[in-house]
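Residue numbers (the numbering used here): 2 to 353.
Here you go:
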């Protein structure tokens, strides 16, 4: 079947369609070449510069420039086609919106790059937990503000009054407000975390069954690394409605241990066992020696129960301190001939 170049397809000849597609494809190819130049040549040139600002600019310009070139190729290609006024207006407005989004994207990337290259190292060197906690929140607020302004400018560019549009939503606006209620509650929760400071980054906390170290405090949510290694994202509203236990602020770690000895242990042996526990505390530098509690607590079903309460210092390695105490108890009780009880029964067979 013969295909004529001059034959019309949707108001345009085949040659016009081919030219338009060529411009679009050319824009994509040029964008790829530009990306290669930014990646290889430009970074090679700025690497010899002592200033970090040019590196930041090159890093942030890469992808927005590629997107801008692609948009330009699409726009030029579409200009070579005959289209109705309505379609021409839609394409023109779409390109305008994409250009504004591209510029907004570049500004957001620039702000984030400056924060990462300049502000984060400065805060890390100052060892200020409050500044480390505040920086991500400020960065996200600025990012969201820039995007909101970008969207408003994009709508205004194509002739829409966004403020009037929102005001005219009526019931739809009410539904939007209700949907945003939880989001705003999370934001206020993040503000309360920052102002009240119940915990800081790197603190170990317990909340709603989760136990771990705080890695990030954001505007809407915070992230903690649990003891098992998983990363949990918690909405900030939970910090308003739930109790938060800051384990990092505990002065000492209280350990309560019940030891059951066999019923053939006499009173002298019971006193000896309590003296051994007190001696273990005195010999261990990780334990607060002024506060141990040792007493004969109970006559249980299968054992004579000793209650042993001691406190591990905050700066000590808590698991290792517990491990050492338990091994000392096992070793010294064995040497003293003290036996631990286990559930037993005595059955008497009475013959008639």
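Glycine included, C-beta positions come from ideal geometry on N, C-alpha and C.
7 Å Cβ cutoff met for residue i and residue j
| i | j | result |
| --- | --- | --- |
| residue 32 | residue 67 | yes |
| residue 262 | residue 342 | yes |
| residue 70 | residue 109 | no |
| residue 249 | residue 204 | yes |
| residue 329 | residue 281 | yes |
| residue 207 | residue 246 | yes |
| residue 114 | residue 61 | yes |
| residue 237 | residue 190 | yes |
| residue 79 | residue 92 | yes |
Supposed contact pair residue j and residue i - C-beta distance, whole angstroms, cut 8 Å
| i | j | result |
| --- | --- | --- |
| residue 209 | residue 239 | 6 Å |
| residue 218 | residue 100 | So it is not a contact: roughly 35 Å between Cβ atoms. |
| residue 271 | residue 305 | 7 Å |
| residue 300 | residue 345 | Wrong, their Cβ atoms sit about 15 Å apart, outside the cutoff. |
| residue 211 | residue 227 | 6 Å |
Closest residue to residue i among the options (Cα-Cα distance)
| i | options | result |
| --- | --- | --- |
| residue 106 | 138, 76 and 144 | 144 |
| residue 103 | 138, 350 and 72 | 72 |
| residue 119 | 140, 100, 101 and 99 | 140 |
| residue 298 | 260, 201 and 74 | 260 |
| residue 64 | 155, 29, 115 and 236 | 29 |
| residue 310 | 157, 293 and 322 | 293 |
| residue 97 | 159, 84 and 37 | 159 |
| residue 244 | 200, 349, 350 and 156 | 200 |
| residue 112 | 136, 321 and 91 | 136 |
| residue 296 | 284, 277, 283 and 303 | 277 |
| residue 157 | 194, 94, 334 and 336 | 94 |
| residue 241 | 264, 339 and 194 | 194 |
| residue 308 | 334, 89 and 275 | 275 |
| residue 24 | 37, 74, 18 and 34 | 74 |
| residue 283 | 269, 320, 265 and 326 | 326 |
| residue 77 | 18, 265 and 338 | 18 |
| residue 338 | 322, 269 and 351 | 269 |
| residue 264 | 116, 340 and 321 | 340 |
| residue 336 | 351, 273 and 321 | 273 |
| residue 334 | 83, 279 and 230 | 279 |
Residues that DSSP places opposite residue i in a beta bridge
| i | result |
| --- | --- |
| residue 193 | According to DSSP, which records beta bridges pairwise, residue 193 is partnered with nothing at all. |
| residue 19 | According to DSSP, residue 19 bridges with nothing at all. |
| residue 258 | 309 |
| residue 232 | 226 |
| residue 297 | 307 |
| residue 208 | 211 |
| residue 314 | 253 |
| residue 1 | What is shown of the chain runs 2 to 353, which leaves residue 1 out entirely. |
| residue 350 | Note: residue 350 sits in no beta bridge, so no partner. |
| residue 247 | 206 |
| residue 217 | 224 |
| residue 288 | 313 |
Evaluate the contact criterion for the stretch 242-261 versus the stretch 216-226: three or more CB pairs, one atom per stretch, below 8 Å. no
Within the chosen definition, does the stretch 304-322 reach the stretch 285-296 through at least 3 CB pairs nearer than 8 Å? The stretch 304-322, when compared against the stretch 285-296, does touch it at the 8 Å Cβ threshold.
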